[in-house]
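These protein sequence lines are chains W and L, in that order.
The first sequence maps to residues 1 to 431 in the working numbering.
The second sequence maps to residues 1001 to 1739 in the working numbering.
Each residue gets a CB set at the ideal place from its N, CA and C atoms; glycine is no exception.
For clarity, every value in this text was computed on a predicted model and none was experimentally measured.
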Amino acid sequence: MNDYLTSITPDGISGALFALEGVAGSVVLLNGPTGCRYYHSGISERQILRQKQFDPLNFNERFFFGQSRIPSTFLDSGDYIYGGRDKLVEGLEYIKEKLPNHKLLAIVNTPGAALIGDDLEGIVNNVFSDIDAVLLETPGYSTDICAGFETGALALLETLNPQKKPVVDKTVNLLGLSLFQKYFKGDLAELKRLLGLCGIKVNCALCAGSSIEEIMDIGAAALNIVVRHEYGIRAAKYLEDTLGTAYMLCDGPPIGFGPTEDFVVDICARLGADPGPALEDCGRARAAAYMHVWRLASSVGLPRGARVAVEGTYSEIYAYFKFFIGYFGMLPQAACVFCPEMDGMRHKTEELLAAHGLSGLLGRDIMSDGESELVFASGATISRLVGAGFRFVGVENALPSMGYVDVIDKTHLGVAGSMLIVEQVLNGLLF
Amino acid sequence: MEIAIYGKGGIGKSTVAANLSAAMSMNGSSVLQIGCDPKHDSTRLLLGGRRLDTALDYMRNTNPPDYNLNAILATGFAGVGCIEAGGPQPGVGCAGRGIISLFELLSTFQLKGRYDATMYDVLGDVVCGGFAVPIRREYADTIFIVTSGEFMALYAANNILRGIRNYDGSQARVGGVILNRRGIDDEADRVQAFCSAVGLPVIADIPRSSAFMEAEAKNMTLAESSPKCPEAIIFDLLAKAVINGVQKHEARPLSDEDLEHIVLGATFSEKAEASGIAGDIATSANLPACIEAQAKNSFLDFSSSKRYLSKSVANGEALSSCAFNGALYVATQIRDAVVIAHAPKSCVYISYNGMGGTGRRRLFERGSLLPSSVSPNLVATDMGEPEMVFGGMEKLEQKVAEVMAGKPKAIIIASACPSGIIGDDIDQARALGNAGTPIFTLKADGNMTGDYSQGTMMSYIELARQVIDTRVQPEENLVNILFERPSYRNTPELFEAVEGYLLAMGVKVNCRFLCETDYESLAGFNKAALNLLANDDYSTRQLKGFFETEFGAKFFGRKLPIGFGDTVDWLREIGGIYGKQDVAESIVALNKERYEKATSRLRASLEGKRLMVVTYSHDLDWLLGAAVDSGIEIAKLCIIKSSSDEGFRTKISDGFFIEEDYDISKREADIALLKPDILLSNYTSNAPSEVAVVDALQMVHDTGFFAGLDYIERWAGLLALGLRGEWENDERLFNQYYS
């Protein structure tokens, strides 16, 4: 077994594609070879149920190649010399005929296509004179997924150019949710439910399932909530600059009972809403969890002192560790940071760890640690750790998955998410 | 002799090149002139004004197996061979990449040696890696720079020297400067001053003359139009000098400041004296993207009968996935080697996810580990914007040094599209290897080489050529297994079954080429006297030819067995080869009784039931055999075109109807006509309720004697109970809530 894969983490083009795929009614055309879209198409098909897939009668070979999402222009060596204009035009005509009801067109260049510099705007305008298209000519060659996601989201906002609307009291937009996040649907549903208990309505979830109409109405919200710093801060600042909407940067995504309570209390304070019902909901969940945790603690002493490692962005690592340390009394062992250049939450994470005598832990590689009893990571990392011979329980918190198909929407956020994590922790420590 | 003519756009390079080619030819030298400019008019004067079909247009419109040199090569005045690269319209595409592709094509035709001299007439100055290809060391051995006395022409000449300097260092390849006068003041002095400063001779001084216009009006060179005129004599003298061999000089470009000072500054005679020959070598001679580019692609050898092309590449079909991905997949199977992906992060992450899916699911569902899938030895150079502009070789070399520190058994470098577009020559990195860690390269260049299958073929071929030790002698009772598919979920089980059969006969597996193997096994490939093919698809047949031709490999006539009949035949034949018929028969006997009992039982419920199959699979005997043995009647086999295989194969002589290249829009009508009881497709679709069983045929099927029987058993159960499942009726609700 090896440790060679450390640099192979989710990338910027994936982030951009998933941002634009997260707009309801969008068609995202990848200007590039077919090989660059199979993965993204598969993820998008699985994360948002939109249509039946796999039937070759529905999506024939050219452009779609049997998959319903993210058609591609299947560029080849000749196109790199002569340019991809002909295939782009043909692809756009095909989309126009095949998917006449789409609400948004986006074109994203692959690295190779970015180098040949096709005039995307001119080509699109020739085919679609009546539709705004989001064009990403150079989405980044080796950037991380968060940067790519923000690039896609900003390009979307700049293209659609939503205007200021009369503010509707007790409404929020959610920023920083992406269909690349493992429990994307469950995350959104849980946040809507919790806020709903407080009388707060979610106006728009940017790039996370909202429609063009909802995005155009984004200026009507009283507050923008940045759930994950790394995926939403640039969009929040853009909306503040252009529409004057204030934003609230979450103290990491609301993972765990305490952070969830803080989350609703903070938002309610900003909007003059009553957090009572959500806090009561959380209290009931705490009560239910208590007996299970107590039983574990009384029989084996855990979860206190259990060693845990986490993989994620700074804000995710911060949020998980805050819950693990504060609620369970667990001991962080290692942390693998995704998108390290998006380091807005780095200082806070270091402070949290330092406060518990765990300074320096952020540099400890999850692959060389080997002492954690619980590892919260992607399926890829978990399988590599198994391959490396480590004995631990892996809990998936990111894509790619090991393969489990979630039919019931799950989440690690909010009250429901806290309960799921309690369940997963207990089931990982009973041995 | 290979001559490159460079110079600023519009300076008269093509006129000079054509006249020089004609003059050399008249002096007894056979010459090939290659125009490397998208406007493709380099050879016009040699061809009486005729415009050639360009090589790049030809490549675009012709499938590789059909490539024919005569389609792009014409013979002009005095027997000069003429080829035009062509390329995109101004402002689109990448003409530099076109030059790289042209040289790849020309290398397949093995033109070197057919002519005494090749003349490359190259667009403008050296603006990118593509246009630099002709001055790479394995091409031009003599470089001439055409210039006038205008500052921008001399500026371009200086840039060209910078490009050459980047390749050559202090090597001498520049033959000199050809002054093509524009008639400006002090023109000769300006050029002489420049030449003195850079240490080059003016080897020809061509006056501005109406003779050129008159010859061009007739679409002729001077040698043809007016061979006695003074300008023709200049070319004649130049040709003689070139044929006899001109002295070569080192490229010693000036800094921009020196260039301006020398060309635009004080009196020219003073400068020529003052600046001397040495001149200043520019300290910041970093041309943007002055990258050596690949031109020699050893595995594509179109000029011989050995053509190892995937089906999609050979037929010019849309490419499925990319060669880079296929190359990585195969290369990472060598477990003690490290694979460096010379690529942007995106390309590697996408490929890695494809590789890992099978392993993760296998681990999740079966608890067993496929190391090459879940944890490939893969690193990436993460090419970014700077590498796209300035070339990525430096970053690649850094990554190689990093990996070398871990002392792996070998390093394999594979390239993605951007590397190919900007012209990084990853082969150069081989020199960084050593005996303990040799370095091998797979120049996939993303999908420029082809599709996924082409990438796997490239990997197999290149790694075989580069790694297998041909000195190794065969040993008894050893076999290799070739071309297993690491991405297939049942590959480990199939291997285990086959290895078990072989061990029972006293035969061991030497090398799994290439599946969960190691460097040592690969190098010792020749220890095995017999090779077993895992598959029998299009690519496998191509690769078998490669091993037979280049390694003299002997192959067993059957692929690894799937299904009862296939397994019986395979065992008996292998048993025959190793004198272990008794072992084979005992294995067969053990399984035959169980198989016959099962098919006999199934006949009771399936006799006469009609099966219609719509599939991409071109080899279904493992299932059809079990179906026929169970009394099922095959109503029709509808074979959809596949990107990886062609030619449906069956040994079952049941006389059923097979339609290849099936148009799937005919499916509904065929169902209505044939009234099958069982409809089997790779992807199931809505089928009329009259079809009792609608089943999905997995692309990867089970192995061994009983492969196929699980399908038949399921059909029998469904037919007996008349089950379709209530869930099917909820499509209406799905459309209501989700569509």
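The bridge partners DSSP lists for Cys1036(L) are Val1122(L). Along the length of the segment 1420 to 1471 of chain L, whole alpha helix (DSSP H) runs at least 4 residues long occupy 1452 to 1467, reported in chain order. About 10 Å separates the Cβ atoms of Val1694(L) and Trp1715(L), ruling out a contact at the 8 Å cut-off. In this structure Thr1441(L) is in contact with Ala1429(L), their Cβ atoms being roughly 7 Å apart against a cut-off of 8 Å.
Residues of chain W whose Cβ lies closer than 7 Å to the Cβ of Leu1105(L) do not exist, since the nearest Cβ in that chain is about 11 Å away. DSSP places Asp409(W) outside both helix and strand once states are collapsed to three, so it counts as coil. Bounds of any beta strand (DSSP E) do not take in Thr1549(L); it lies within the alpha helix (DSSP H) bounded by 1538 to 1551. Annotation: Phe1555(L) is outside any alpha helix (DSSP H); the continuous beta strand (DSSP E) that includes it extends over 1555 to 1559.
For Ser1014(L), the three-state secondary structure derived from DSSP is helix.
When the beta-carbon positions are compared, Gly176(W) and Val227(W) come within less than 7 Å of each other. Here the alpha carbon of Ala309(W) sits roughly 36 Å from the alpha carbon of Leu156(W). Arg1667(L) and Cys1638(L) have their C-alpha atoms spaced approximately 9 Å apart.
It is roughly 17 Å from the alpha-carbon of Pro1371(L) to the alpha-carbon of Ala1327(L). 7 Å or more divides the Cβ of Cys204(W) from the Cβ of Ala278(W). One alpha carbon belongs to Ser1419(L), the other to Thr1332(L), and they sit about 20 Å apart. A contact is defined here as three or more CB-CB pairs under 8 Å, and the segment 208 to 221 of chain W meets this definition with respect to the segment 167 to 176 of chain W. Apart from sequence neighbours up to five positions away, the residues of its chain that approach Ser315(W) with a beta-carbon distance below 7 Å are Arg228, His229, Glu230, Gly252, Pro253, Met345, ordered along the chain. Residue state for Ser1487(L) is assigned as coil, using DSSP reduced to three classes. At least one beta carbon of chain W lies nearer than 7 Å to the beta carbon of Ser1321(L).
Per DSSP, Val293(W) is not a residue of any beta strand (DSSP E); the alpha helix (DSSP H) it occupies stretches across 276 to 300. Ile225(W) and Gly1359(L) have their C-alpha atoms roughly 38 Å apart.
If you ignore the 5 residues before and after Ile1461(L), its C-beta comes within less than 8 Å of the C-beta of Phe1299, Tyr1308, Leu1543, Phe1546, all in its own chain and listed in chain order.
Using a CB distance below 8 Å, the part of the segment 1365 to 1378 of chain L facing chain W consists of Glu1365, Leu1369, Pro1371, Val1374, Ser1375, Pro1376, Asn1377, Leu1378, ordered along the chain. Below the 7 Å Cβ cutoff, chain W contributes no neighbours of Asn1729(L), its closest Cβ being approximately 14 Å away. The bridge partners DSSP lists for Phe1513(L) are Leu1482(L).
Taking 7 Å as the cut-off, the beta carbon of Arg46(W) is found no closer than this to the beta carbon of Ser72(W). Here Leu1733(L) is exposed: its Cβ has fewer than 16 other Cβ atoms, across all protein chains shown, within 10 Å. It is roughly 30 Å from the alpha-carbon of Pro275(W) to the alpha-carbon of Ala153(W).
The segment 1001 to 1016 of chain L makes no contact with the segment 1078 to 1092 of chain L; the number of CB pairs closer than 8 Å stays below 3. For Arg1362(L), the closest C-alpha among the options Met402(W), Leu99(W), Glu396(W), Gly272(W) is that of Met402(W). In the DSSP secondary-structure assignment, Met1699(L) is not bridged to any residue. Arg1610(L): member of the beta strand (DSSP E) spanning 1610 to 1615, first to last residue. Under the DSSP assignment, His1342(L) falls in the beta strand (DSSP E) whose first and last residues are 1337 to 1342. Shortest Cα-Cα distance from Ile1632(L) to any of Thr1650(L), Ile1640(L), Phe1656(L) involves Phe1656(L). Straight across, the Cα-Cα distance linking Phe74(W) with Asp1057(L) is about 19 Å. Residue contact check for Asn1353(L) against chain W: a CB pair falls below 7 Å.
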